[in-house]
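All residue numbers for the sequence shown refer to the UniProt record's numbering, where the first residue is 1 and numbers rise by one. The beta carbon of each residue, even a glycine, is placed where N, CA and C say it ideally should be. Since this is a predicted model, take the numbers as computed values, not measurements.
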Amino acid sequence: MGVSTTDFEYLRELVHHHSAVVLFGDKTYLAELHLQPIIESAGFASIPDLVTYLRTHPFNSLHVQTIEALVTNETSFFRDSHPFEALKKYVLPELIKQRESERSLNIWCAACSNGQEPYSIAILINEHFPMLPNWPVKLIATDFSSKVLARAREGHYNQLEMNRGLPINIRDRYFQKLDTDWQIKEQIRQMVDFRQLNLLQSWSSLPQFDVIFLRNVLIYFDVVTKKALLKKIKQQLKPDGYLFLGSGETTISLDESFKRVLFDKAICYRLHNPEVKIAD
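Below is the structure:
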């Protein structure tokens, strides 16, 4: 039995209340697909039975599993490529020069999913900036889902995941073959500090950042939540830092504090600050 309109509305409200993610009304087939493993493992006969349980019981681990199953975790290594090229050619060289006296950098991957994005940044640093391992570089990766964070910390990927965006020479240099799967090498795994964090909650445990990757996150939120997140980003981003959003995302009409910067085919954002020279 599929998802009724009433049950899907309940699931939408459950997800939105706890994660601010908006599930669109045409995604019922995805709900059916993603909830099936939970139904089977928990011993329910159907989605209506699962929803009935969720409605009638206090919030518990099954609610968490349901929310995590319905929130998209689609990602890949070096996804979209252009932001990583900008990081390599423009952003990190400039920041290294600007931070020469303090010799430290803070980078944040928000909503890191299974870890491909922060590991891609760690590999890029190791490949092209040999001086940075001697700096105190904090590469923090967060997600609200304990399930995906466990996978990210493990750094274990199947062949399909390895084929998406990862050059063979990089794969062979930074991953070890395990039967049909691959394990990221300890050198790279240790570069990333994975932490559980719901973006709707307090960010007080985080430092200020030189670079923030908040890619393909805003598209899942309503306008009110987008504005609230960008307001918090302003407090977390250093005055001369860089914000990377997804290719279909923008700060325009949401927060005028940010200036759009173009590096070749990559778009990023910086805070309006008369004392900071915007790179061309």
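Leaving out the 5 sequence neighbours to the left and right, which residues in its chain are closer than 6 Å to residue i when beta-carbon positions are compared?
| i | result |
| --- | --- |
| LEU23 | ARG12, VAL15 |
| ARG153 | PHE194 |
| MET131 | none |
| TYR174 | ILE123, LYS185, ILE188 |
| LEU166 | PHE77 |
| HIS82 | LYS265, ALA266 |
| PRO133 | none |
| TYR157 | TRP182 |
Determine the DSSP secondary structure at residue i, reduced to helix, strand or coil.
| i | result |
| --- | --- |
| GLY240 | The amino acid occupying residue 240 in the given sequence is Asp; Gly does not appear at that position. Strand. |
| PHE84 | helix |
| ASP49 | helix |
| GLN196 | strand |
| SER252 | It should be pointed out that residue 252 corresponds to Ile in this sequence rather than to Ser. In this structure, ILE252 counts as coil in the three-state DSSP scheme. |
| LYS259 | strand |
| VAL21 | strand |
| PHE8 | helix |
| LEU206 | coil |
| VAL3 | coil |
| ARG79 | coil |
| VAL91 | helix |
| VAL217 | coil |
| VAL15 | helix |
| VAL211 | strand |
Take the Cβ of residue i as the centre, count every other Cβ of all protein chains shown within 10 Å, and call the residue buried at 16 or more, exposed below.
| i | result |
| --- | --- |
| LYS177 | exposed |
| GLY241 | buried |
| GLN208 | exposed |
| ALA150 | exposed |
| THR75 | buried |
| GLU9 | exposed |
| ASN204 | Correcting the residue identity first, residue 204 is Ser in this sequence and not Asn. Per the 10 Å Cβ criterion, exposed. |
| LEU168 | Leu is not the amino acid found at residue 168; the sequence shown has Ile there. Per the 10 Å Cβ criterion, exposed. |
| LEU160 | exposed |
| THR66 | buried |
| GLN116 | buried |
| GLU100 | exposed |
| ASP69 | For clarity, residue 69 is Ala in the given sequence; the question names Asp instead. Result: buried. |
| ALA20 | buried |
| GLY43 | exposed |
| ALA45 | exposed |
| HIS17 | exposed |
| THR5 | exposed |
| SER113 | buried |
| THR180 | exposed |
| THR56 | exposed |
For residue i, which residues from the same chain have a beta carbon less than 8 Å from its beta carbon, with the 5 sequence-adjacent residues on both sides left out?
| i | result |
| --- | --- |
| VAL223 | LEU254 |
| ILE219 | GLY246, GLY248, GLU249 |
| ASP7 | ILE47, PRO48, VAL51 |
| LYS89 | PHE263, ASP264 |
| ALA279 | Confidence at ALA279 is low in this model, with a pLDDT of 48, below 50, so the placement of that residue is unreliable and no value is reported for it. |
| ALA31 | VAL3, PHE8, LEU11, LEU23, ILE47, LEU70 |
| THR225 | ALA20, LEU200 |
Starting from the C-beta of residue i, find all residues in its chain whose C-beta is less than 7 Å away, skip the five residues before and the five after it, and write them out in chain order.
| i | result |
| --- | --- |
| ILE170 | ILE123 |
| LEU92 | PHE129 |
| LYS227 | LEU254, ASP255 |
| SER257 | LYS234, LEU271, HIS272 |
| LEU139 | ILE107, PRO118, ILE121, ALA122, MET191, VAL192, ASP193 |
| HIS34 | ALA69, LEU70 |
Is there at least one Cβ from chain B nearer than 8 Å to residue i's Cβ?
| i | result |
| --- | --- |
| MET191 | This model lacks chain B altogether; it includes just one protein chain. |
#### Entry: Segments of 3+ residues assigned as beta strand (DSSP E) that fall wholly inside the segment 94 to 182
105 to 109, 137 to 143, 175 to 178
#### Entry: Inter-stretch contact (C-beta, 8 Å, three-pair minimum) for the segment 136 to 148 and the segment 195 to 206
yes
### Task
Could you tell me whether the segment 225 to 234 touches the segment 260 to 268, using the rule of 3 or more Cβ pairs below 8 Å?
no
### Message
For the segment 266 to 275 against the segment 118 to 133, do three or more pairs of beta-carbon atoms, one drawn from each stretch, fall closer than 8 Å, so that the two count as touching?
### Response
no
### Message
Assess contact between the segment 56 to 75 and the segment 33 to 44, defined as three or more Cβ pairs (one per stretch) separated by less than 8 Å. Is contact present?
### Response
yes
### Query
Just checking, does the segment 109 to 118 make contact with the segment 210 to 221 on the three C-beta pairs under 8 Å criterion?
yes
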